[in-house]
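Per mature numbering (1 follows the signal peptide of the UniProt record, and there is no 0), the sequence shown runs over residues -19 to -1, 1 to 190. Beta carbons: idealized from backbone N, C-alpha and C, even for Gly.
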Amino acid sequence: MQLLLALTSIWTLLSSAGALQCLMCTDAADPTCASTASVPCDSSQCLTATVPGPLVYKACGQPVLCPSAGNQTFSLSSTALNISFNSQCCNTDNCNGATLSLPTFQSVNSLQCYSCDNYNRNCSIRIQCKGGEDRCFKTNVTNGGITLPFLGCASSNLLQIAASNLGSIVPFPGLSTFSYCQGSLCNSAPAAATTAHLLLVLLLFSLYH
Ligand SMILES: *[C@@H]1O[C@H](CO)[C@@H](O)[C@H](O)[C@H]1NC(C)=O
Ligand SMILES: *[C@@H]1O[C@H](CO)[C@@H](O)[C@H](O)[C@H]1NC(C)=O
Ligand SMILES: *[C@@H]1O[C@H](CO)[C@@H](O)[C@H](O)[C@H]1NC(C)=O
Ligand SMILES: *[C@@H]1O[C@H](CO)[C@@H](O)[C@H](O)[C@H]1NC(C)=O
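Pasting the structure below:
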């Protein structure tokens, strides 16, 4: 019996050795993530992020969300909607306890992209991109059977998440495959560059409802 116990604890030690522990929200219905539990992760990073809502997210940091340790800001601008949020990735046990705030102000940068007017008829409205937004994007949003174009500026880290298979985790029926490109006003002509599924943006979803 003692041997069995000893073997069991050695096994437990061995199998969890090397596994990073991260805090994870235990109540998916609680947007503040007030209660967390420490869980073993197969990723090398832990993640904490606060997205518009606000909604606090703490979990294992998949590589696409956490390519390396550090802070990131994700951002999207359009005539209809401006969103930005922060994330922090770290690589020591339970290091993702911080609750981040939403970015307050982002200054405009030199990139310009096309966006649509309030009636979604004219998509030749030029907007100035902000902060780390370094791409122009173009997609369609379907809501209540109506499909409307959706154009604007976005940061490439946001687009990378959208392009990853993380996209399938958050099913978002309203956003079609979208395209993005680099360079001012490059998002006028239909789909040239890379395509991806915009997912992440349950925030978009909430804002369009
Ligand atoms: C990352 O963000 C946190 C919370 O906003 C801040 O305390 C920390 O200093 C930042 N770290 C770096 C390396 O910028
Ligand atoms: C979003 O920001 C752009 C400038 O980057 C601005 O032209 C637009 O009016 C803003 N939209 C909203 C809904 O605040
Ligand atoms: C669309 O908006 C742009 C910028 O405001 C304007 O120059 C253009 O004339 C508009 N096009 C139409 C068809 O209304
Ligand atoms: C958006 O819808 C229009 C009209 O149905 C289509 O021509 C266009 O290719 C679509 N664009 C994207 C990026 O899916």
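For a test of the three-state rule: what should DSSP assign to Thr175, helix, strand or coil?
For Thr175, the predicted structure reports a pLDDT of 38, less than 50, and the residue's modelled location is therefore unreliable. A value from the coordinates is still provided. In this structure, Thr175 counts as coil in the three-state DSSP scheme.
Does the Cβ of Val89 lie closer than 7 Å to at least one heavy atom of ligand 2?
Val89 Cβ: within cutoff of ligand 2.
Report all residues for which the CB-ligand distance to some heavy atom of ligand 3 is below 7 Å; order them along the chain.
Asp98, Asn103, Ser105, Ile106, Arg107
Enumerated in chain order, which unbroken segments of the alpha helix (DSSP H) with a length of 4 residues or greater are wholly contained in the segment 90 to 154?
137 to 144
Could you tell me how far apart the beta carbons of Cys27 and Cys6 are, in whole angstroms, since I believe they sit closer than 8 Å?
So it is not a contact: roughly 12 Å between Cβ atoms.
What does Val37 pair with, by DSSP beta-bridge criteria?
Thr31
Per DSSP, what kind of secondary structure is Leu46 in: helix, strand or coil?
coil
CA-CA distance, Thr17 and Asp8?
Whole-angstrom Cα-Cα distance: 8 Å.
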